[in-house]
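Residue numbers (the UniProt record's numbering): 1 to 229.
For each residue, glycine too, the CB sits at the ideal point set by N, CA and C.
These numbers come from a predicted model, not from an experiment.
Beneath this line is the structure, given in structure tokens, with notes to follow.
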Amino acid sequence: MLEAEAAGPGGMAKTAGFSVFSVLVTGSDQGIGLGLVKRFLELPCPPKWVFATSLDLQGEESKQTKYVTNLESIQSALKEVEKCVGEGGMNILINNAGTSSPNDLETENAKDMMRVYSVNTIGPLQMTQAFLPLLKRAARRSPCQGLSSSKAAIINISSIAGSIENVVFLKNVKIIAYRCSKVALNMLTKCQALEYSADGIMSIAIHPGSVKTARNPHGKKFLQESMCL
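Next comes the structure, spelled out in structure tokens:
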């Protein structure tokens, strides 16, 4: 489900040198995604367009993540976004939607692992492929030099759980599919950075921390706390 909020005429987010015309956040019904959407809308001068690909309101996870894994849903969202942004393009695509499974090495299985990879790794790939023309359009129109989130950016929400360097510190975290999917997402991000920098598009992966939600009761921060960081 795609939600769009429009700022006033000529709306442009500006804070500490940051200015954007349009933003799209996936997985924005709760947690980090919801916090990001709220933060953008609360800026003194918010983006002209903030698109929130809100998940299924019934809370059924299989439906919640459909829009980032189903090409028809992605194309439908793309058409709606393009109607709004026009020649302005898309400044920031935040691939935040994610899922997990509680399996360890003994209980992990192909079905759960494919589901997690589909959302956490393939989803960001497909979303970026679809919205790339709008990102390129924004980059071409931007007066900013070099790479910048004020120009055009792909921001993939990753996790320290996918860090190979810090794996010893996370040995008690048994979510195998999730961890592997985030490792793959990090490599996808690196490939995107190498490929799209020539088009003026910045590609980064970030670990924003863990937020308590209905699907992640073990998060370290509540939404309001995380929004203040």
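Tell me which same chain residues have a C-beta within less than 8 Å of the C-beta of residue i, skipping the five on either side of it?
| i | result |
| --- | --- |
| A161 | L170, V173, I175, Y178, R179 and K182 |
| residue 230 | Since the first and last residues shown for the chain are 1 and 229, residue 230 lies out of range. |
| E87 | R137 and R141 |
| P143 | none |
| A139 | G89, K151, A152, D199, G200 and I201 |
| I164 | V183 |
| E108 | S101, I176 and A177 |
Apart from the five residues on each side of it in sequence, which residues of its chain come closer than 6 Å, Cβ to Cβ, to residue i?
| i | result |
| --- | --- |
| L134 | G89 and M90 |
| G33 | V25, G27 and N96 |
| V81 | F51 |
| C228 | Confidence at C228 is low in this model, with a pLDDT of 37, below 50, so the placement of that residue is unreliable and no value is reported for it. |
| P217 | With a pLDDT of 49 at P217, under the threshold of 50, the predicted position of this residue should be treated as unreliable, and no value is reported. |
| T121 | S181, A184 and L185 |
| Y196 | S203 |
| L93 | L24, F131 and I154 |
| T189 | N156, S203 and A205 |
Check whether the Cβ atoms of residue i and residue j sit closer than 8 Å, and answer yes or no.
| i | j | result |
| --- | --- | --- |
| M202 | A152 | yes |
| V116 | T99 | yes |
| F40 | L78 | no |
| H207 | S148 | no |
Could you tell me how far apart the beta carbons of residue i and residue j are, in whole angstroms, since I believe they sit closer than 8 Å?
| i | j | result |
| --- | --- | --- |
| I204 | I157 | Contact doesn't hold; Cβ gap of about 10 Å is too wide. |
| P47 | V23 | 5 Å |
| V37 | S150 | 18 Å between Cβ atoms; not a contact. |
| P124 | L185 | 6 Å |
For residue i, collect the residues of the same chain with a Cβ closer than 7 Å to its Cβ; drop the 5 residues on either side in sequence, then sort them by chain order.
| i | result |
| --- | --- |
| D104 | K174 and I176 |
| M113 | A177 |
| G146 | none |
| Q192 | T128, I154 and S203 |
| N166 | I160 |
*Only counting runs of 3 or more residues, tell me where the beta strand (DSSP E) segments fall wholly within the stretch 94–176, in order along the chain.*
For the beta strand (DSSP E) assignment, the uninterrupted runs of no fewer than 3 residues enclosed by the stretch 94–176 are, from N- to C-terminal side, 153–157.
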